[in-house]
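Shown next, in the form of structure tokens:
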């Protein structure tokens, strides 16, 4: 069964009882973008990566970490002045699994109850979406995977509980967390966020559709 977001969710200034860190994956080279960097594309004059980070920072999460790789200096520059942690993945070219493993390894020392994994190229995800996911994770007392969905289709972001961290740090290549989630036997709570849970930017056409303008 897929849950619906709360309409009376906690206000943004109320910290969740559980400590959840947001991990933004922003290392990929996006070969289908034909040379432009989608994370530097402008949305209302703001680079997409900064827009994504601003949304994460405005949520009820305990903190935000961004994993970078491709054109890391330009991505870092776009995030100047924000209170977040930057982690470089030297193996980003091997696939997204390496970025997830890199980020989880770095955050494990912060001892969070869960990590909300957020893709940097999903411009329809809002603060309300993130806070709804955090609320469901708190209701489950940190004992379930909480995942965004669109109808019956699983999507992103997803909150991964602490018991999964050791296996997540072993990911390699382009493997995501789905196999580990399925094998764990942990309950999965799908929260219906509508089309936003599936919409990401992989092509120049998708960028235009989302209202972005190529910048770098």
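Numbering (full-length UniProt numbering), first residue to last: 1 to 216.
Where a beta carbon is used, it is the ideal one built from N, C-alpha and C, also for glycine.
Within the stretch 91-118, ranges of the alpha helix (DSSP H) (whole runs, at least 4 residues): 96-108
Spatially closest choice to residue 49 from 98, 60, 23, by CA coordinates: Here residue 49 corresponds to residue number 49 of the chain shown, with the count starting at 1. The option with the nearest alpha carbon to residue 49 is 23.
Would you kindly work out how many angstroms separate the C-alpha atoms of residue 164 and residue 41, rounded to a whole number? Numbered from 1 along the chain shown, position 164 holds the residue referred to as residue 164. Numbered from 1 along the chain shown, position 41 holds the residue referred to as residue 41. Approximately 34 Å, taken between the alpha carbons.
Helix, strand or coil for residue 60, going by three-state DSSP, please let me know. Looking up residue 60 in the chain shown gives position 60. Looking at residue 60 - three-state DSSP - the assignment turns out to be coil, as it is neither helix nor strand.
From the DSSP output, read off the bridge partner residues of residue 69. Taking the first residue of the chain shown as position 1, residue 69 is located at position 69. DSSP lists 71 as partners of residue 69.
Can you grab the Cα-Cα spacing for the pair residue 94 / residue 101, in whole Å? Residue numbering aside, residue 94 sits at position 94 when the chain shown is read from its first letter. Residue numbering aside, residue 101 sits at position 101 when the chain shown is read from its first letter. Cα to Cα, residue 94 sits roughly 12 Å from residue 101.
Which whole-angstrom value describes the C-beta separation of residue 27 and residue 68, a residue pair presumed to lie in contact below a C-beta threshold of 8 Å? Walking along the chain shown from the start, residue 27 turns up at place 27. Walking along the chain shown from the start, residue 68 turns up at place 68. Confirmed, about 5 Å.
Hey, which unbroken runs of the beta strand (DSSP E) at 3 residues or more fall wholly within the stretch 173-214? 188-192
To the nearest angstrom, report how far apart residue 211 and residue 198 are at their CA atoms. Stepping through the chain shown from its first residue, residue 211 is reached at position 211. Stepping through the chain shown from its first residue, residue 198 is reached at position 198. Whole-angstrom Cα-Cα distance: 16 Å.
From which residue to which residue does the alpha helix (DSSP H) around residue 81 run? Taking the chain shown and counting its residues from 1, one reaches residue 81 at position 81. Segment: none, residue 81 is in no alpha helix (DSSP H) and carries neither H nor E.
Closer than 6 Å by C-beta to residue 128: which residues in its own chain qualify, once you throw out the five before and the five after it? Chain order, please. Residue numbering aside, residue 128 sits at position 128 when the chain shown is read from its first letter. None.
Whole-Å CB distance - residue 150 paired with residue 195, under 8 Å assumed: On the chain shown, residue 150 is found 150 positions in, with the first residue counted as 1. On the chain shown, residue 195 is found 195 positions in, with the first residue counted as 1. Indeed they touch by this definition, with Cβ atoms about 6 Å apart.
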